[in-house]
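Sequence positions in the sequence shown follow numbering that gives the first Met the number 0 and run 0 to 374.
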Amino acid sequence: MLRTLHLSKPLAATLSKMGPRAMSTSTIVPQVQDVPCSKLGGRYTVTLIPGDGVGQETASAVKTIFKAAKVPVDWEQFDVSGYTSADDTLFKQSVESLRRNKVGLKGILYTPVSSLGHSSFNVTIRKDLDMYASLVLCKNIPGYPTRHEGVDFAIIRENTEGEYSGLEHQSYPGVVESLKVITRTKSERIARFAFDFALRNNRKKVTCIHKANIMKLADGLFLKTCREVSKEYASSGIKFEDMIVDNASMQLVSKPQQFDVMVMPNLYGNIVSNVGAGLVGGPGIVPGCNIGREYAMFEPGCRHVGKDIQGRNTANPSAMILSSVMMLRHLGLDDHANKIANAVSKTILNGAAKTPDMGGTSTTTDFTFAVISNL
Numbered sequence: 000m001l002r003t004l005h006l007s008k009p010l011a012a013t014l015s016k017m018g019p020r021a022m023s024t025s026t027i028v029p030q031v032q033d034v035p036c037s038k039l040g041g042r043y044t045v046t047l048i049p050g051d052g053v054g055q056e057t058a059s060a061v062k063t064i065f066k067a068a069k070v071p072v073d074w075e076q077f078d079v080s081g082y083t084s085a086d087d088t089l090f091k092q093s094v095e096s097l098r099r100n101k102v103g104l105k106g107i108l109y110t111p112v113s114s115l116g117h118s119s120f121n122v123t124i125r126k127d128l129d130m131y132a133s134l135v136l137c138k139n140i141p142g143y144p145t146r147h148e149g150v151d152f153a154i155i156r157e158n159t160e161g162e163y164s165g166l167e168h169q170s171y172p173g174v175v176e177s178l179k180v181i182t183r184t185k186s187e188r189i190a191r192f193a194f195d196f197a198l199r200n201n202r203k204k205v206t207c208i209h210k211a212n213i214m215k216l217a218d219g220l221f222l223k224t225c226r227e228v229s230k231e232y233a234s235s236g237i238k239f240e241d242m243i244v245d246n247a248s249m250q251l252v253s254k255p256q257q258f259d260v261m262v263m264p265n266l267y268g269n270i271v272s273n274v275g276a277g278l279v280g281g282p283g284i285v286p287g288c289n290i291g292r293e294y295a296m297f298e299p300g301c302r303h304v305g306k307d308i309q310g311r312n313t314a315n316p317s318a319m320i321l322s323s324v325m326m327l328r329h330l331g332l333d334d335h336a337n338k339i340a341n342a343v344s345k346t347i348l349n350g351a352a353k354t355p356d357m358g359g360t361s362t363t364t365d366f367t368f369a370v371i372s373n374l
């Protein structure tokens, strides 16, 4: 029999004060236990890891806006970089900070491709703190037209196993084995998270993305578990479907409006979230977060470092700002979250400060101060 996860009391309070979703950032994120955040004198301490590439620029935008909006958050900042393994000590300190504060805001850390490089800091922090659910929100933003209109779906990705288990070895020169791990326990956990998310955000359908036609045991187990969990939510009216990942990729770029909530194993989630970001405007727009039983870390949903535009002051900080808005809702600071989210919406809608990715010439600084003027 499948287990039932009990959601936290603070979530019930959040549900009572939030109506149907209007903006992607008003999303209610399921939590599975009461987790006290680091709070002193009415202020919250949040771990901040700006990240590589444009991370410092977009994190600076968030800090400037929070200061202008008088948000009761103090930052514990760690300038970790993935460009060198020499930052391993600082990275460990940042993880301990997140353990202490329970909540973090993070940019994207560079991961070397070379086999001699260190393992991904991004993956390590999610696995070490068991932040098992990645949530990425893909939604059209008024004032930023794209090829497809009416796009509004959530991508929920299992964060801690699958192809990212880190189990690779060379069994013989020229022969490498990489193990994909799928377990019933973690498949059930992410499936239940997806259905709880759908239920609490007035979503109507959950689609399981898989490759069970080829990986019959691994993806077969994931699909079977999702089907079993779906039966427990049948009375709520949430529809369940499944789709092979290659077909899902085609359907996303041809008719993305058909998707509502998508749940999938690790690697597929990484790829699909990038496709989703491309549909609604790119990596500068899409917010996201990683959630576990004890910790929550908010970061841009499309995990691009932006090394090519680093230091040019041209990055779109919207994804980082909207991720911080999701963080504020997680902390229960809904008034501040609404204020900043509305200011971002107005800024994009009036088009007075469009960064290059949006077809304009404004700088990151221009966009930041335009948001502040709309607070």
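Just so you know, even glycine gets a beta-carbon here, dropped at the ideal spot from N, CA and C.
For residue i, the residue or residues it bridges with in DSSP
i, result
"Met263", "Arg156"
"Tyr171", "Val174"
"His426", "Residue 426 lies beyond the residue range present for the chain, which begins at 0 and ends at 374; the question has no answer from this structure."
"Cys207", "Asp241 and Val262"
"Gly161", "Val180"
"Gly103", "Thr46 and Met296"
"Asp151", "Lys138"
Unbroken beta strand (DSSP E) run spanning residue i, endpoints
i, result
"Arg42", "Arg42 to Ile48"
Helix, strand or coil at residue i [DSSP, three-state]
i, result
"Met130", "coil"
"Val135", "strand"
"Asn289", "strand"
"Ser23", "Because the pLDDT of Ser23 is 48, which lies under 50, any placement of that residue in the model is unreliable, and the number read from its coordinates should be weighed accordingly. Ser23: helix per DSSP, three-state reduction."
"Leu374", "coil"
"Asp73", "strand"
"Leu251", "helix"
"Leu278", "helix"
"Met357", "helix"
"Val79", "coil"
"Arg311", "coil"
"Thr364", "helix"
"Ala351", "coil"
"Val28", "coil"
"Thr110", "coil"
"Thr379", "This structure gives no information on residue 379, because the portion of the chain shown stretches from 0 to 374."
"Arg125", "helix"
"Gly283", "coil"
Residue j beta carbon less than 8 angstroms from that of residue i
i, j, result
"Ser186", "Leu220", "yes"
"Arg156", "Ser177", "no"
"Thr313", "Thr367", "no"
"Val28", "His329", "yes"
"Gly287", "Val53", "no"
"Asp356", "Gly281", "yes"
"Tyr131", "Arg188", "yes"
"Met68", "Ile290", "In the sequence as displayed, the identity of residue 68 is Ala instead of Met. Going by C-beta atoms, Ala68 is not nearer than 8 angstroms to Ile290."
"Asn373", "Ala342", "yes"
"Ile64", "Val370", "yes"
"Pro264", "Ile181", "yes"
"Tyr294", "Leu97", "yes"
"Asp127", "Ser80", "no"
"Asp259", "Lys306", "no"
The alpha helix (DSSP H) enclosing residue i, as first and last residue numbers
i, result
"Ile189", "Arg183 to Arg199"
"Ala318", "Ser317 to His329"
"Gly219", "Ala217 to Glu231"
"Ala295", "Per DSSP, Ala295 belongs to no alpha helix (DSSP H); it is in the beta strand (DSSP E), Ala295 to Pro299."
"Gly54", "Gly54 to Ala67"
"Lys91", "Asp87 to Asn100"
Distance cut-off 7 angstroms: residue i Cβ against heavy atoms of the ligand FAD
i, result
"Glu293", "The model on display carries no ligand, and the ligand FAD is accordingly not part of it."
Does the region 174–193 come within contact of the region 297–306, defined as at least 3 CB pairs closer than 8 angstroms?
no
For the region 307–322 against the region 122–132, are there 3 or more C-beta pairs whose distance is under 8 angstroms?
no
Does the region 168–176 come close enough to the region 204–211 to have 3 or more Cβ pairs within less than 8 angstroms?
no
At least 3 beta-carbon pairs within less than 8 angstroms: the region 134–149 vs the region 41–54:
no
Quick check: the region 264–279 against the region 231–241, are there 3 or more CB pairs under 8 angstroms?
no
Across the region 46–63 and the region 92–105, are there enough close Cβ pairs to call them in contact, namely three or more that are closer than 8 angstroms?
yes
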